[in-house]
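Residue numbers (our numbering): 17 to 532. We treat Cβ as the ideally placed atom computed from N, Cα and C, and that holds for glycine. Keep in mind the model is a prediction, meaning the values are calculated, not measured. Worksheet: one structure, shown below.
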Amino acid sequence: MNSLFRTWRAIVGLALLPAAAALAGDWLTFAHGPQRDGWAFEENTLAPDNVSRLGLKWKAKLNNASYSLWALTAPVAAGGISTSKGPRAVVYVAGIGGAVFALDAETGEELWTHQFKYVVLPGKGGYQGTFLCPNGITATPVIDKSSNRLYVIAGDGALYGLDLGSGRVRYGPVQFVAPYSKNWSLNLVDGTIYTVLAQGCGNGLSGFYAVDVRDAHHPVVRQMLLSNTNTAGIWGRGGAVIGANGRVYGGTADGFFDPIAGDYSNTVAAVSAGELKLVDYYLPPNWQYLRKKDFDLGSASPVYFGWRNRNLVAHGAKEGVVTLLDADKLGGSDHQTPLYVSPRLGNDKAVCCEGLGIWGGFSTARDETGQTWLYVPMGGPPAAAGPKFPLTNGPNPHGSVMAFKVVEDPRTHNPSLAPAWISGDFNLPDGVVIANGVVFALSTGENAVQRGGEAKRLENTRPAVLKALDAWTGKELYNSGSAMTSWVHFTGLAVSDGKVFAVDHDSNVYCFGLPK
17 MNSLFRTWRA IVGLALLPAA AALAGDWLTF AHGPQRDGWA FEENTLAPDN VSRLGLKWKA
77 KLNNASYSLW ALTAPVAAGG ISTSKGPRAV VYVAGIGGAV FALDAETGEE LWTHQFKYVV
137 LPGKGGYQGT FLCPNGITAT PVIDKSSNRL YVIAGDGALY GLDLGSGRVR YGPVQFVAPY
197 SKNWSLNLVD GTIYTVLAQG CGNGLSGFYA VDVRDAHHPV VRQMLLSNTN TAGIWGRGGA
257 VIGANGRVYG GTADGFFDPI AGDYSNTVAA VSAGELKLVD YYLPPNWQYL RKKDFDLGSA
317 SPVYFGWRNR NLVAHGAKEG VVTLLDADKL GGSDHQTPLY VSPRLGNDKA VCCEGLGIWG
377 GFSTARDETG QTWLYVPMGG PPAAAGPKFP LTNGPNPHGS VMAFKVVEDP RTHNPSLAPA
437 WISGDFNLPD GVVIANGVVF ALSTGENAVQ RGGEAKRLEN TRPAVLKALD AWTGKELYNS
497 GSAMTSWVHF TGLAVSDGKV FAVDHDSNVY CFGLPK
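This is the structure:
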């Protein structure tokens, strides 16, 4: 049973991940792979029959001052890195203050730090300097083992490639995006780095951004702008979601949909990989309602995955509804016809800014029977009139993880979602990681109620908690209890070589693993 969710390896994932990652169990990018599925299919140490023995192996406090809600990016990790202390497995994070840290994955020892120096200062006005535009590093870095580089966007918008073993600059700086813009987790496919921009921070325009890094002396930067203002930003923390079909996806923020004016607000947009030409979009039929309620599609990143002979995209956001789309023809010929729309799963209050609905990102995996699963992080209680889950795991007033089987609708033969289980309580969960039959999920403890300002959001938080759930039933197999001492905003987990890595708002990095 432990081999379930491991022996069936997603064709999509293997097509996009370098061979070194598949063999070594590296976690090279946010949510594991370019398609952002959160499936650590290489993991073979952690399993349902042993995760109850998980414990905190180390905790490292980094020299990084938090700013408003921000502290550290989500971690990425790789093994076999040549360092001054010999070959090491290394975990990397970047801080909002402009430093990148490399830690020994076994001990938490700091191997190197690289501090960026800025000659351009952030401007004033708009959201600049608030939690929406925090003037620092916001994008999770990406590891390229083939070039031995960690790619990072510094606060001034320049792209750097740092040596994985020493932190020395091996690439750049190349001006990639606007200084002090808000950009999201870097993605890397075929020698091209991708990111996305949102909210007009640093006067950066919303859209997809890419730079070909194969020739260090001839970087080619491309953009596909989705608005001429600060609308239509892509702020799902997974950044650009890249499919095996040569398309790049993102869910956009509020604004008026007006393609003649070049505004693709409230859509799931798709551009071509590399050239970034707009190739498709899906506009929800109720987009005007979403706009009025501030239910834009940015609060959770979509996920790309294969199902039978179809390429699919799942998305959803604050409204608390999940939509399945044909990844090769978003919304059909009229751009407004999805394959499936769920009933409301949460956010019965129908409010935008209290952490209700779907936040973070979707995750998906396939077990050895061929069954595809979709995991949804839900803020707040489940919808009163929502679907009934065959398996429940206790009250969940603050949030939950919902698991669905992707099944065929016998009438249309299109994919649909069958409820499988719902977890116990989470205080605003993030997107989950699936590894060898275990779902790892973080209860972030964040206060997401925006009324009252930033200062209020720093109050009434709770320490984050790491939980391990049975991937088939949602039963809690492990709970980290008081091991984590602070909350965290907009983060993600990393699972690599039998270890789970997490961060918090106090700039701590945590490593959980099995006893030796």
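Going by alpha carbons, who is nearest to arginine 473 out of Leu70, Pro91 and Ser84?
-> Ser84
In the DSSP assignment, find the alpha helix (DSSP H) that holds arginine 104 and state where it starts and stops.
-> No alpha helix (DSSP H) contains arginine 104, which is instead part of the beta strand (DSSP E) from 102–110.
If we count Cβ pairs, one from each stretch, closer than 8 Å, do we get three or more for the segment 55–66 versus the segment 121–132?
-> no
For threonine 153, name the three-state secondary structure that DSSP assigns.
-> It is isoleucine, not threonine, that sits at residue 153 in the sequence shown. Residue state, collapsed to three classes: coil.
In terms of alpha-carbon separation, which member of Leu221, Arg104, Lys101 and Leu72 lies closest to lysine 532?
-> Leu72
Mind checking cysteine 369: buried by the 16 CB within 10 Å criterion, or exposed?
-> With fewer than 16 other Cβ atoms inside 10 Å of its own Cβ, cysteine 369 counts as exposed.
So what's tryptophan 303 in DSSP terms, helix, strand or just coil?
-> In this structure, tryptophan 303 counts as helix in the three-state DSSP scheme.
State yes or no: is the C-beta of serine 379 nearer than 7 Å to some heavy atom of the ligand ATP?
-> With respect to the ligand ATP, the structure shown offers nothing to examine, as it has no ligands at all.
Neighbour-count burial assignment, glutamate 125, 16 or more Cβ in a 10 Å radius = exposed
Are the beta-carbon atoms belonging to lysine 404 and asparagine 363 less than 8 Å from one another?
-> no
Run through DSSP, which three-state label would lysine 309 get?
-> helix
When the distance is taken between beta carbons, is leucine 175 closer than 8 Å to valine 190?
-> Result yes, Cβ atoms of valine 190 and leucine 175 sit closer than 8 Å.
Any idea which residues DSSP pairs serine 416 with across the strands?
-> Met394
Leaving out five residues before and five after phenylalanine 311 in sequence, what residues of the same chain have Cβ atoms less than 7 Å from its Cβ?
-> Taken in chain order, the residues that qualify are Ala333, Lys334, Glu335 and Cys368.
Round the Cβ separation of leucine 78 and isoleucine 159 to the nearest angstrom and send it over; I've been treating them as touching at under 8 Å.
-> That pair is no contact at about 18 Å.
Proximity to alanine 256 [Cα-Cα], best of Thr268, Asn246 and Tyr298 = Thr268
How about isoleucine 97 and leucine 148: are their beta carbons less than 8 Å apart?
-> Against a cut-off of 8 Å, the Cβ pair of leucine 148 and isoleucine 97 comes out as no contact.
Nearest to serine 281 by alpha carbon, out of Gln215, Pro235 and Pro195?
-> Distance from the Cα of serine 281 is smallest, within the candidate group Gln215, Pro235 and Pro195, for Gln215.
Measure the Cβ-Cβ separation of glycine 252 and glycine 377 and say whether it is below 8 Å.
-> yes
Looking only at DSSP bridge pairs, what is proline 222 linked to?
-> Sequence inspection shows serine at residue 222; the proline mentioned does not correspond to that position. Its beta-bridge partners do not exist; DSSP assigns none.
Give a yes or no on whether the C-beta atoms belonging to phenylalanine 9 and leucine 299 are separated by under 8 Å.
-> Nothing can be reported for residue 9, as the shown portion of the chain is limited to 17 through 532.
Leaving out the 5 sequence neighbours to the left and right, which residues in its chain are closer than 8 Å to arginine 535 when beta-carbon positions are compared?
-> Within the shown structure, residues of the chain are numbered from 17 to 532, placing residue 535 beyond reach of any answer.
Beta-carbon separation of serine 82 and serine 523 under 8 Å?
-> yes
Could you tell me how far apart the beta carbons of valine 107 and valine 525 are, in whole angstroms, since I believe they sit closer than 8 Å?
-> 7 Å
Close Cβ partners of leucine 390 (< 7 Å) along its chain, the five nearest in sequence each way excluded | Ala330, Phe378, Thr380, Phe420, Val422 and Leu433
When you compare each of Leu509, His351 and Leu482 to glycine 497 by their alpha carbons, which one comes out closest?
-> Leu482
Drop a sphere of 10 angstroms on the beta-carbon of threonine 23, count the other beta-carbons inside from all chains shown, and report buried for 16 or more, exposed for fewer.
-> The pLDDT assigned to threonine 23 is 44, lower than 50, so where the model puts this residue is not dependable, and the model offers no usable value.
Quick one, are the C-beta atoms of alanine 464 and glycine 371 less than 8 Å apart?
-> yes
In the DSSP assignment, find the alpha helix (DSSP H) that holds alanine 464 and state where it starts and stops.
-> Run containing alanine 464: none; DSSP gives neither H nor E here.
Measuring CA to CA, which of Val136, Leu213 and Gly218 is closest to glycine 254?
-> Leu213
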